[in-house]
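**Student:** The sequence shown begins at 1 in my numbering and counts up one residue at a time.
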Amino acid sequence: MIPAMPATASTPRQASVSALRFGRVAVTGALAALIVFAGVWGSWGTAQHVMLTKGRERGTVRVTQCAGGVCGGPFTPASAGARPRARVEIAQSVAVRAGATYDVVLKPDSGTAVRSGPAGILYAWVPLGGALLLAAVVVAGGMRLVRPAWVLGLSGAGLLTAAFVALQ
Numbered sequence: 001m002i003p004a005m006p007a008t009a010s011t012p013r014q015a016s017v018s019a020l021r022f023g024r025v026a027v028t029g030a031l032a033a034l035i036v037f038a039g040v041w042g043s044w045g046t047a048q049h050v051m052l053t054k055g056r057e058r059g060t061v062r063v064t065q066c067a068g069g070v071c072g073g074p075f076t077p078a079s080a081g082a083r084p085r086a087r088v089e090i091a092q093s094v095a096v097r098a099g100a101t102y103d104v105v106l107k108p109d110s111g112t113a114v115r116s117g118p119a120g121i122l123y124a125w126v127p128l129g130g131a132l133l134l135a136a137v138v139v140a141g142g143m144r145l146v147r148p149a150w151v152l153g154l155s156g157a158g159l160l161t162a163a164f165v166a167l168q
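See below:
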């Protein structure tokens, strides 16, 4: 007769499986958090100028020419303390066209402008939208958390869609 195995015989295997599962969730959770943090970091460089406009020069720029990824034109002030300028530069993107006028905020101590208003805010946060989409894939695949992944993915897609619609 073969003696029965004690109930604790599979415990070392269960412990190693649990440790691996915990390690996978911890690593992918840290990776997802890093991706979202990088999205916020990438967005904040522009978003701070658009969202925190107190004390900054605000106005409009009429784009007269675009070359080499940069567009430029005269700046007309709209806030107290702002001064007119013959030329300021704004990054050329699909949302900036020659001949159009845009509401802008000037970066401090420079002639560089960033779009302001709802379109500028949404455009500034586009890197975060992409990061949310990427983090959703990591959360769904590595952590096996489907519902939070859907929330992250739909949030990112919503942000990117809103930015696209606002910039048109």
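By construction, the Cβ of each residue, glycine as well, lies at the ideal position given by its N, Cα and C atoms.
Bear in mind that the values here come from a model prediction, so they are computed numbers and not experimental data.
#1: Need the endpoints of the beta strand (DSSP E) that threonine 60 sits in, please.
#2: Can you list, in chain order, the residues of its chain with a C-beta nearer than 6 Å to that of aspartate 103? Leave out the 5 residues immediately preceding and following it.
#3: Could you round the C-beta distance between valine 114 and valine 50 to whole angstroms and report it? I think they count as a contact, below 8 Å.
#4: Are there three or more Cβ pairs, one per stretch, closer than 8 Å when the region 31 to 38 is compared with the region 120 to 133?
#5: Going by DSSP in three states, arginine 85 sits in which element: helix, strand or coil?
#6: Taking only three categories from DSSP, how would you classify valine 70?
#7: Quick check on the DSSP output: the beta strand (DSSP E) that includes threonine 101 runs from which residue to which?
#8: Under a three-way DSSP split, which group does valine 244 fall into?
#9: Using the C-alpha atoms, what's the distance from glutamate 89 back to glycine 72?
#10: Check arginine 115 in the structure and name its three-state DSSP category.
#11: Look at the Cβ atom of alanine 82, then the Cβ atom of glutamate 57, and state whether they are nearer than 9 Å.
#12: Within its chain, find whatever has a CB closer than 8 Å to the CB of threonine 28; leave out the 5 residues flanking it on each side and keep chain order.
**Tutor:** To lay it out plainly:
#1: Position 60 of the sequence shown, counted from the first residue, corresponds to residue 60. Residues 58 to 62.
#2: Against the sequence shown, residue 103 aligns to sequence position 103. Excluding residues up to 5 positions away in sequence, Thr60, Ser116, Gly117 lie with their Cβ nearer than 6 Å to the Cβ of aspartate 103 in the same chain.
#3: Position 114 of the sequence shown, counted from the first residue, corresponds to residue 114. Position 50 of the sequence shown, counted from the first residue, corresponds to residue 50. Under the criterion of beta carbons closer than 8 Å, valine 114 and valine 50 qualify as touching, at roughly 6 Å.
#4: Taking a cut-off of 8 Å on C-beta distances, the region 31 to 38 touches the region 120 to 133, as three or more cross pairs fall below it.
#5: As a working note, residue 85 is residue 85 in the sequence shown. In the displayed model, arginine 85 falls within a strand according to three-state DSSP.
#6: Sequence index remark: in the sequence shown, residue 70 carries index 70 (1-based). When DSSP states are grouped into helix, strand and coil, valine 70 belongs to the strand group.
#7: For the purposes of this step, residue 101 is taken as residue 101 along the sequence shown, with counting starting at 1. Where threonine 101 is concerned, the enclosing beta strand (DSSP E) stretches over 101 to 106.
#8: Nothing in the structure corresponds to residue 244, since the chain is present only between 1 and 168.
#9: Counted from its first residue, the sequence shown places residue 72 at position 72. Counted from its first residue, the sequence shown places residue 89 at position 89. Straight across, the Cα-Cα distance linking glycine 72 with glutamate 89 is about 4 Å.
#10: Counted from its first residue, the sequence shown places residue 115 at position 115. Looking at arginine 115 - three-state DSSP - the assignment turns out to be strand.
#11: Taking the first residue of the sequence shown as position 1, residue 82 is located at position 82. Taking the first residue of the sequence shown as position 1, residue 57 is located at position 57. With contacts defined by Cβ atoms closer than 9 Å, alanine 82 and glutamate 57 form a contacting pair.
#12: Residue numbering aside, residue 28 sits at position 28 when the sequence shown is read from its first letter. Val138, Val139, Gly141, Gly142, Met143, listed in sequence order.
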